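Engineer: First to last, the protein sequences are chains B and G.
Just so you know, the numbering used here puts the end of the first sequence at 379, numbered straight through with nothing missing.
Just so you know, the numbering used here puts the end of the second sequence at 149, numbered straight through with nothing missing.
Please read through the structure below; I'll follow up with questions.
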Amino acid sequence: MATDTTTTTPAAPTREERDRATRTVAPRVDICELEKTYVLLADMPGVAQDGLDVITERDTLIIKGRVQRPEETPDYQEFELADYRRTFTITEDLDVSGISATLKDGVLRIDIPKSPRLQPKKIPVQTK
Amino acid sequence: MEARLISHPWTEMRRLQREMERLFGDVTPSWRWPLTGDYPPVNITRREEGLVIDAVCPGADRDSLEVTAIGDSVTIRGQRRSEPDLGEAQYHRRERPQGPFTRTLSLGDRLDPDRTQATYSNGMLDLRVARAAETAPKKIPIQS
């Protein structure tokens, strides 16, 4: 007789389900290069200073922002605030130890210096 | 108020587009729109004393930000400029729109500009718009 092998144990929440529970949006960014630094600008409206996290982890830079949602539902609604999250890969030409971040009017600015190892170096030529 | 805002065909199109985006699971923030058309996006809450308008406009140049109220309309003007020290930077990615924006909202109620307040923090513009004091009904004499 065939046995019913169907499991009745509820499956653990899938990754997708967990992600949906804490739904985030990726902020829009600009990334540009100056002579000695890279600058990243991210639009994160609704995020206050204490709701912002900038994390570097090996070759990854993560920016996260928690927004304060309004208590009452608007009568007319065009936007919905959601928490922000976006991940970037940091290449080895950046010096993560010198990173700095500021938040102004809903725009996050991160300055990352270029690695001194990759700065052009002049090699003195010795004469014999 | 809602009826007036939604009855416009373009506004209705936008609303449908937003609904579709929501249905397909992409919480597309409204501030991803370019700075033309309905920018900045707003939420409106009706209160007893007036209306609360929340607008999303991160990185607006504070000197350029201007709110005017006349009749039943509120106009929001501003400009998004690039950072002063990044004028000669070489861009690798550019997703954030720049430039001037203007939006006029017809709210359906006569407003009192003297009792209208605006605050700008964390890239959100918060307007508290007071309604004009009710004008007494006027009796029109009928001429024979």
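The C-beta atom is built at its ideal place from N, Cα and C for all residues, glycine as well.
Bear in mind that the values here come from a model prediction, so they are computed numbers and not experimental data.
1) With the cut-off set at 8 Å, would you say residue 65/G and residue 51/G are in Cβ contact?
2) Determine contact between the region 117 to 127 of chain G and the region 88 to 102 of chain G, defined as no fewer than three beta-carbon pairs at a distance below 8 Å.
3) Is residue 51/G close to chain B? Criterion is C-beta to C-beta, closer than 8 Å.
4) Okay, do the region 298 to 315 of chain B and the region 325 to 338 of chain B touch, 3+ Cβ pairs below 8 Å being the bar?
5) Relative to chain G, which residues along the region 323 to 339 of chain B have a C-beta separation below 7 Å, given in chain order?
6) Using a Cβ cut-off of 9 Å, pull out every chain G residue sitting near residue 308/B, in sequence order please.
7) Is there contact between the region 361 to 377 of chain B and the region 315 to 335 of chain B, where contact requires at least three CB pairs shorter than 8 Å?
8) For residue 376/B, which three-state DSSP category applies?
9) Of all Cβ atoms in chain B, is any one closer than 8 Å to the Cβ of residue 36/G?
10) Check whether the Cβ of residue 349/B lies closer than 8 Å to any Cβ atom in chain G.
11) In three-state terms, what does DSSP make of residue 91/G?
12) How many Å lie between residue 74/G and residue 80/G at the Cα?
13) Is DSSP giving residue 349/B helix, strand or coil here?
14) Does DSSP classify residue 364/B as helix, strand or coil?
Structural biologist: In short, the structure shows the following:
1) For this step, residue 65/G is matched to residue 60 along the second sequence. For this step, residue 51/G is matched to residue 46 along the second sequence. The Cβ-Cβ distance between residue 65/G and residue 51/G does not fall below 8 Å.
2) They do not touch, by the three-pair rule.
3) Walking along the second sequence from the start, residue 51/G turns up at place 46. With 8 Å as the cut-off, residue 51/G counts as an interface residue toward chain B.
4) Taking 8 Å as the limit for Cβ pairs, the verdict is that the region 325 to 338 of chain B does touch the region 298 to 315 of chain B.
5) 323, 325, 326, 327, 328, 329, 330, 331, 333
6) As a working note, residue 308/B is residue 57 in the first sequence. None at all; the shortest Cβ gap to chain G is about 21 Å.
7) No, they do not touch.
8) Here residue 376/B corresponds to residue number 125 of the first sequence, with the count starting at 1. Residue 376/B falls in the coil class under three-state DSSP.
9) Numbered from 1 along the second sequence, position 31 holds the residue referred to as residue 36/G. With a pLDDT of 45 at residue 36/G, under the threshold of 50, the predicted position of this residue should be treated as unreliable, though the coordinate-derived value follows. Cβ-Cβ to chain B under 8 Å: yes for residue 36/G.
10) In the first sequence, residue 349/B corresponds to position 98, counting from 1. So, not an interface residue.
11) Here residue 91/G corresponds to residue number 86 of the second sequence, with the count starting at 1. When secondary structure is reduced to three states using DSSP, residue 91/G falls in the helix class.
12) Working through the second sequence from its first residue, we reach residue 74/G at position 69. Working through the second sequence from its first residue, we reach residue 80/G at position 75. Going by the C-alpha atoms only, they are around 6 Å apart.
13) Here residue 349/B corresponds to residue number 98 of the first sequence, with the count starting at 1. In this structure, DSSP gives residue 349/B a helical state, which the three-state scheme calls helix.
14) Here residue 364/B refers to the residue found at position 113 of the first sequence. Here residue 364/B sits in strand by DSSP.
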